[in-house]
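First comes the structure, then the notes that go with it.
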Amino acid sequence: MTPEICPHCGADVPRNAKACPACGSDEETGWSEKAAAADLGLPDDSFDYDRFVREEFGGRRAASGYTAWYWWAMAAVVVLVLVAVLLR
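Our numbering numbers the first residue of the sequence shown as 846 and each following residue consecutively.
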């Protein structure tokens, strides 16, 4: 029998409805919390943040000392050129 109020989310459930219009709980799931959370794509309790970062962002590491130094030097040159042009 369809409840008048969803036991999971508290929303009003229309008479003879097959599922809650707010959260998706239904007779098959027993009007349970699983119905609302099943397809949200949320991580479970065993979520491994480090593994997630590796999978999402790959194995790229931060720039090495030489590469970082090179880009800082290039930025300094650009700033010096801009200052020189503006002071003319």
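From the three backbone atoms N, C-alpha and C, an ideal C-beta is built for every residue, glycine too. In this text the structure is predicted, and so the values were computed from the model without any measurement.
Whole-Å CB distance - residue i paired with residue j, under 8 Å assumed
i	j	result
Asp857	Lys863	Their Cβ separation, rounded to whole angstroms, is 15 Å, which puts Asp857 and Lys863 out of contact at 8 Å.
Contacting residues, own chain, Cβ-Cβ under 8 Å from residue i (five flanking each side not counted)
i	result
Ile850	Ala856, Asp857, Val858
Asn861	Thr847
Identified DSSP bridge partners for residue i
i	result
Asp857	Ile850
Ala920	Answer is none; Ala920 lacks a bridge partner.
Per-residue DSSP class, three states only, for residue i
i	result
Asp871	strand
Ala864	strand
Asp893	coil
Leu925	helix
The ligand SAH heavy atom lying under 7 Å from the CB of residue i
i	result
Asp871	You won't find the ligand SAH in this model; it holds no ligand whatsoever.
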